[in-house]
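Enquirer:
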Amino acid sequence: MTTWVPTAFRTHTLGELQANGADLIDKEVTVIGFAERIAGKKVCFIDLRDGTGKTQVFIKKENIGEDAFDTVIRTTRESTLQFTGTVALKRPPKVKEGEPTPPPAYEVVASSVNVIARAQAPLPLGVTDKVNVELSTRLDNRFMDLRRSHVNAMFRLRGKVLQFGREHLISEGFFETHTPKIVATATEGGADLFPMQFYDRPAFLNQSPQLFKQLCMSGGLERVFEIGPAFRAEQSDTYRHLAEFISFDIECSWANDDDVMGVLERMIHHIWKSVAEEEEAQALIATINAYRSEQNAYLAEQGEDLEQAEDPVEIIVPELPFPRIEYDEAIRIIKERGGTIEWGDDIDAENSDLLAQDLPQFYFLPRWPMSLKPFYIHQIEGENGSTGQQLSRGFDLNFGRDEMTSGGQREHRIDVLVENLKSMDLNPEEFEFYVAGFRHGVPPHAGWGLGVERILMALTGANNVRETVLFPRDLNRYCP
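Here my numbering is used: the first residue of the sequence shown is 69, the next is one more, and so on.
This is the structure:
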């Protein structure tokens, strides 16, 4: 249960006032928030909103003075107002016969008002208007977009996902750590790097904590996780690609790929189950669903394209264990269903659609060809695919057509690791800081990385990953 401590500007939050209003009647409170609606001339009603809820404030000239009253009724929407007054039971709305009686609501009868910050007009976008606003306009004015209840709820839900994921990993013996984001060389090779200047030397923003979390295994830390940023200079401008994202990453000693797939599916199950059961998380889902229902109805009334309409969020807790479809088998199934693919090809979204036809939303794809995996993925001699090519201990986790996670058992044998670097045209000397960690005995270990944004997309059915990021960074956007 949240405990709100009074601050210099308020004695109670608006959500707290509605939840505990029966105990506050006739008591003096000070509240503050955004003026969502200001209505009236002789008496005035203000719908006040803060990050916890809404409350109606009632003002009269004889209570606050004529000058203060005139100031309020001339104040623009979304201005920040502070009121002191007494709590009263709000007059219940009229309901038709047979309709349920709404729960009691409370208002503040103001005795004083203070205009803290006046909003300029016009607003860059409406907070309560039904009109459809393009995503680019919303992101240009994200500070105002966040005042919209369903957007605010999305980021509070994101906080819940981080909380539930973190608590599950801790329950399995992992502890949180942080690795460098400024690095001297690429994690996985390739060109998807953001160069930067580190004093008088060239450097890069890190693509992944991969190499450093493996060195934690060399150091005997055994079970670590990190929730932090990663940077990919990908030339992809799609609904699911970002240049900067936040990732859950784990690494686990004395473990193989099967072991960490278990950690991953249990964490996801815990997140979904917690969201389905926690009252506050369900209230956030209800806020998102209420907006989607209203917006979809509005789009239909206006005859607009419903391609961007979003279905209501439905939390279906996935069953354990998730199916495991090995790469060999996946290629066979896709071909049988008419897909165009050959052994050794990556499995794109269209072929994943074919594969996922009779699978639940989450499923693993283990035992990929080594040729499709990074140099640090483990391979076992004698584990070959149907074409005789070397298989790896790497896996993906898919949600329907979309890849969610890559992971696997890591190569802990230094001689094989060096040969892998060379075979992928990477210079072992440039990775000396990493290779050095394998010269003195390293436990077999495994891990994975899972983007928080993709968890939110899967959880809420958001059409675009940018809906789940406060200030997205992509191929075309680095401001605000």
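Cβ atoms here follow ideal geometry from the backbone N, Cα and C, with glycine treated the same way.
By DSSP's criteria, tyrosine 174 is part of a beta bridge. Which residues make up the other side?
Expert: DSSP lists Leu157 as partners of tyrosine 174.
Enquirer: Cβ atoms of threonine 455 and tryptophan 411: under 8 Å apart, would you say?
Expert: Yes. Within cutoff.
Enquirer: Among the candidates Phe102, Phe113 and Val125, whose CA atom is the shortest distance from the CA of glutamine 86?
Expert: When each option's Cα is compared against that of glutamine 86, the closest is Val125.
Enquirer: Quick one: is cysteine 284 buried, meaning 16 or more other Cβ sit within 10 Å of its Cβ, or exposed?
Expert: Its Cβ being crowded by 16 or more others within 10 Å, cysteine 284 is buried.
Enquirer: Does the distance from the CB of leucine 433 to the CB of methionine 335 come in under 8 Å?
Expert: For leucine 433 and methionine 335, no; Cβs fall outside 8 Å.
Enquirer: In the DSSP assignment, what are the bridge partners of threonine 148?
Expert: In the DSSP output, where bridge partners are listed per residue, threonine 148 has Phe102 and Ala185.
Enquirer: Can you grab the Cα-Cα spacing for the pair methionine 212 / arginine 186, in whole Å?
Expert: Their backbone Cα atoms lie some 14 Å apart in a straight line.
Enquirer: I'd like the span of the beta strand (DSSP E) that includes lysine 122, first residue to last.
Expert: Note, lysine 122: beta strand (DSSP E), 121-128.
Enquirer: Report the option in Asn182, Gly475 and Val503 whose CA atom is closest to the CA atom of valine 484.
Expert: Minimum Cα distance to valine 484 is reached at Val503.
Enquirer: Quick one, which of Pro386, Ala358 and Gln231 has its alpha-carbon nearest serine 217's?
Expert: Of the listed residues, the one whose Cα sits closest to serine 217 is Ala358.
Enquirer: Mind checking methionine 222: buried by the 16 CB within 10 Å criterion, or exposed?
Expert: Methionine 222 comes out buried.
Enquirer: Would you list the residues sitting across from glutamate 471 in a DSSP beta bridge?
Expert: Looking at the DSSP assignment, glutamate 471 forms a beta bridge with Asn466.
Enquirer: Does the contact criterion of 3 or more C-beta pairs under 8 Å hold for the region 298-305 versus the region 493-509?
Expert: Flag = no, the region 298-305 and the region 493-509 do not touch.
Enquirer: Can you tell me which of Val328, Thr536, Leu332 and Gln350 puts its alpha carbon nearest to the alpha carbon of glutamine 477?
Expert: Measuring from the Cα of glutamine 477, the nearest candidate turns out to be Val328.
Enquirer: For histidine 508, which residues from the same chain have a beta carbon less than 8 Å from its beta carbon, with the 5 sequence-adjacent residues on both sides left out?
Expert: Cβ neighbours of histidine 508 beyond the five flanking positions: Ser286.
Enquirer: One question on the structure: do alanine 271 and alanine 252 come within less than 8 Å of each other, judged by their Cβ atoms?
Expert: A contact, by the Cβ cut-off of 8 Å.
Enquirer: Note the first and the last residue of the continuous alpha helix (DSSP H) segment covering proline 332.
Expert: The sequence given here has leucine at residue 332, not proline. Start and end: 325-345.
Enquirer: Is the CB-CB distance between leucine 427 and proline 391 below 8 Å?
Expert: Yes, these two residues count as a Cβ contact at 8 Å.
Enquirer: With a threshold of 7 Å (Cβ to nearest heavy atom), would cysteine 320 be considered close to the ligand FAD?
Expert: With respect to the ligand FAD, the structure shown offers nothing to examine, as it has no ligands at all.
Enquirer: Find out if the Cβ-Cβ distance for the pair asparagine 324, proline 512 is shorter than 8 Å.
Expert: Their beta carbons are under 8 Å apart, which means asparagine 324 touches proline 512 by this criterion.
Enquirer: Can you give me the Cβ contacts of isoleucine 402 inside the same chain, cut-off strictly under 6 Å, excluding the 5 residues immediately before and after it?
Expert: The residues are Ile409, Asn419, Leu422 and Leu423.
Enquirer: Just verifying my parser: in three-state terms, what is the DSSP assignment at glutamate 348?
Expert: Glutamate 348 falls in the helix class under three-state DSSP.
Enquirer: Alpha carbon to alpha carbon, how far is leucine 157 from proline 170? Give it in angstroms, no decimals.
Expert: Going from the Cα of proline 170 to the Cα of leucine 157 covers about 13 Å.
Enquirer: Per DSSP, what kind of secondary structure is tyrosine 366 in: helix, strand or coil?
Expert: Tyrosine 366 falls in the helix class under three-state DSSP.
Enquirer: Check whether the region 178-197 touches the region 143-150, taking contact to mean three or more Cβ pairs, one atom from each stretch, closer than 8 Å.
Expert: Contact between the region 178-197 and the region 143-150 is present, because at least three Cβ pairs lie under 8 Å.
Enquirer: Exposed or buried, what is glutamine 350 when buried is set at 16 or more other beta-carbons lying within 10 Å of its beta-carbon?
Expert: Classification of glutamine 350: exposed, given that the 10 Å Cβ count is below 16.
Enquirer: I'd like to check one pair, arginine 226 with valine 520: are the Cβ atoms closer than 8 Å?
Expert: Yes. Within cutoff.
Enquirer: With a threshold of 16 other CB atoms inside 10 Å of the CB of glutamate 294, please say whether the residue is buried or exposed.
Expert: Per the 10 Å Cβ criterion, buried.
Enquirer: Restricting to Cα atoms, I'd like to know which of Tyr174, Pro74, Glu362 and Glu96 is closest to glycine 121.
Expert: Out of Tyr174, Pro74, Glu362 and Glu96, Tyr174 has the C-alpha closest to the C-alpha of glycine 121.
Enquirer: Isoleucine 318 by DSSP, collapsed to three states: which one?
Expert: Residue state, collapsed to three classes: strand.
Enquirer: Which of the three DSSP states, helix, strand or coil, is assigned to phenylalanine 77?
Expert: In this structure, phenylalanine 77 counts as coil in the three-state DSSP scheme.
Enquirer: Let me know the beta strand (DSSP E) ranges lying completely inside the region 423-502, each 3 residues or longer, listed in chain order.
Expert: Entirely contained in the region 423-502, the beta strand (DSSP E) runs reaching 3 residues are, in chain order, 430-434, 447-452, 458-460, 462-467 and 470-477.
Enquirer: With a threshold of 6 Å on Cβ separation, who are the neighbours of valine 219 within its own chain once the five nearest residues in sequence on each side are excluded?
Expert: Excluding positions up to five away in sequence, the list reads Asp213.
Enquirer: Does the beta-carbon of tryptophan 322 have 16 or more other beta-carbons within 10 angstroms, so that it is buried, or is it exposed?
Expert: Flag for tryptophan 322 reads exposed.
Enquirer: Please state if the CB of valine 99 and the CB of threonine 139 are separated by a distance shorter than 8 Å.
Expert: For threonine 139 and valine 99, no; Cβs fall outside 8 Å.
Enquirer: Have a look at the DSSP bridge pairing and note the partners of isoleucine 401.
Expert: Paired residue(s): none; isoleucine 401 is not in a bridge.
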